[in-house]
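What follows is one structure encoded as structure tokens, with my remarks underneath.
Residue numbers (this note's numbering): 17 to 589.
Encoded structure:
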């Protein structure tokens, strides 16, 4: 029997006499994922109902014409090629095998197999209670190293880092429960760690939802519409300054997404636009370092009491400005920044702010800024202030969009479906993992080793900043908080402020070193080597200049004037 093939959807089917003209817009080019929409049939059944005919067994044979499609069942059929050419990729019975052959990569599969095998060995070792009880530290370090390798190489392994982080956290706490003096001790440690971690998770959940609501209303358009200059050098500085202060109020990831999206509308595709994207990454990381709500690592330090609002703003504002100003000054000398003026796009004028967009922007930004005030007035954790702002904005958006079904996307329930839940779960997994290492005393041992070999806290903080260019800064800061408590370095000490600055700005040195860089890479399709050649040197210069300026201002006791940094009626938030 001659083999059967399905006919691939294409433009040629539009000329088929058996298909009505109204079916032309439904033509599809790629059969493996193409499924006719509508109809009472299940997806797989509708796909298999594609018209089929015996393929010619020889080049000279001609296929019979396809049967006509009943007009009432047009929606249930895939519109297919009528030329009679068999396409093996579109074979109903061979789609899976053809897709597998096209995407099969032996090296990747081997790497995944080795990773799974190593994970299985780690799990088998964890089951061996006697060995784990006697070698708890080794077992936990092995599990953490294996999990962290999965996070670093998530692209190669095709494993989502959030899943790896959560799995690592659970495995570490299982090992800790085996090696602890008793299960009650492990449960108490887990409860305490979960209490601390949940404050950060709730804070991030509320902040990300508020920002998403403002963005859905095109609230940031009020900011971006005021950028009118087209001079390359001037635009370089304007983009950097706007991003710097925007990131101080929002988080650096959101600021990067907003500003890079703006650049795509302001500047045509070019090397200059990529360079401006690099400016956005540097400015977002620098701007997020000097406020407690601008970067997740600074937020962690603030929530756990290592830094306070007024001191962190006074101590890190000048170094953060320097870490941005130096790269901007150097970039202004490049040929890209001294080219001809850029032509603006009409896309900015085509976007319209949603109804009450200015009101939502004012309330949303006010809610974010009010969080430190709430903490100072009530003494409650910051996440309570963030949830207060979210609740107010929730009620407000429900009221102003009441009765309009077309505005559902502007309400909080839809915003919750769009926030980066994977990122929040990643933070949860990492912080729980680090908490297990802290409970086992491993981080304290590491701190003692660093103190014995690197007695200078400034060098330790600087090294952590350099490491954050390669390794995610969240686990680095979490580990540092576990290694050094407030008895080693008191609240608002130079060490904690330098940790906040270095972990925030050090990630700019490589495109993979921060969430802002990864977002820029994804939106603009910039590769690692381009960023390394064009931006990393400027970021390194800014990082070094920022550290030098912090040490200089700290020794000379130069800080942001109290009249500018102090928030009204906050004695020492």
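Just so you know, even glycine gets a beta-carbon here, dropped at the ideal spot from N, CA and C.
Using C-beta distances below 7 Å, list every residue in its chain close to residue i, excluding the 5 sequence neighbours before and after it, in chain order.
i	result
residue 430	424
residue 482	522
residue 570	510
residue 300	259, 263, 268, 271, 272 and 532
residue 486	526 and 529
residue 492	480, 483, 484 and 519
residue 593	The question about residue 593 has no answer, for the chain in this structure spans 17 to 589.
residue 544	527 and 528
residue 496	480 and 515
residue 432	225
For the alpha helix (DSSP H) containing residue i, list its first residue and its last residue.
i	result
residue 425	Residue 425 -> no alpha helix (DSSP H), and no H or E assigned at all.
residue 333	325-347
residue 371	Residue 371 -> no alpha helix (DSSP H), and no H or E assigned at all.
residue 308	Note, residue 308: premise wrong, no alpha helix (DSSP H); not H, not E.
residue 550	544-550
residue 193	177-195
residue 222	199-232
residue 151	Segment: none, residue 151 is in no alpha helix (DSSP H) and carries neither H nor E.
residue 465	458-469
residue 519	510-521
residue 352	Element bounds for residue 352: n/a, residue is neither H nor E.
residue 403	398-416
residue 442	437-455
residue 506	Per DSSP, residue 506 belongs to no alpha helix (DSSP H) and is neither H nor E.
residue 281	268-282
residue 487	That residue, residue 487, is in no alpha helix (DSSP H); it is neither H nor E in DSSP.
Would the beta-carbon of residue i fall within 9 Å of that of residue j?
i	j	result
residue 519	residue 307	no
residue 532	residue 271	yes
residue 494	residue 529	no
residue 340	residue 516	no
residue 513	residue 328	yes
residue 258	residue 558	no
residue 499	residue 448	no
residue 14	residue 298	A question about residue 14 goes unanswered here, because the residues of the chain that appear run from 17 up to 589.
residue 310	residue 266	yes
residue 188	residue 217	no
residue 206	residue 192	yes
residue 502	residue 321	yes
residue 411	residue 224	no
residue 540	residue 177	no
residue 373	residue 235	yes
residue 458	residue 190	no
residue 342	residue 161	no
For residue i, which option in the options has the closest C-alpha, if you only look at C-alpha atoms?
i	options	result
residue 349	250, 157 and 284	250
residue 505	524, 485, 467 and 536	467
residue 442	260, 150, 175 and 148	175
residue 446	353, 129, 554 and 209	209
residue 316	212, 422 and 458	212
residue 324	397, 381, 303 and 351	397
residue 252	223, 282 and 236	282
residue 444	181, 153 and 392	181
residue 285	548, 542 and 561	542
residue 154	464, 453 and 172	453
residue 194	147, 400 and 130	147
residue 166	199, 186 and 132	132
residue 215	399, 280 and 168	399
residue 279	351, 241 and 302	241
Can you give the Cα-Cα distance for residue i and residue j, rounded to whole angstroms?
i	j	result
residue 572	residue 563	14 Å
residue 567	residue 330	14 Å
residue 552	residue 346	12 Å
residue 416	residue 229	13 Å
residue 426	residue 232	6 Å
residue 395	residue 319	12 Å
residue 353	residue 344	10 Å
residue 387	residue 151	44 Å
residue 172	residue 547	20 Å
residue 471	residue 163	30 Å
Take residue i and list the residues in its own chain whose beta-carbon comes closer than 6 Å to its own, dropping the five residues that flank it on each side.
i	result
residue 78	For residue 78, the predicted structure reports a pLDDT of 47, less than 50, and the residue's modelled location is therefore unreliable. A value from the coordinates is still provided. No residues qualify anywhere along the chain.
residue 255	292 and 295
residue 196	202
residue 220	440
residue 87	Interpretation of residue 87 is limited by its pLDDT of 45, a score under 50 that renders its predicted location unreliable; the figure taken from the coordinates is listed afterwards. So no residue of the chain qualifies.
residue 127	none
residue 390	401
residue 385	none
Here's a check: name, in chain order, each residue in its chain whose Cβ is nearer than 8 Å to the Cβ of residue i, leaving out the five neighbours to either side.
i	result
residue 383	226, 402, 404, 405, 406, 408 and 409
residue 413	229, 376, 426, 427 and 428
residue 535	269, 272, 273 and 276
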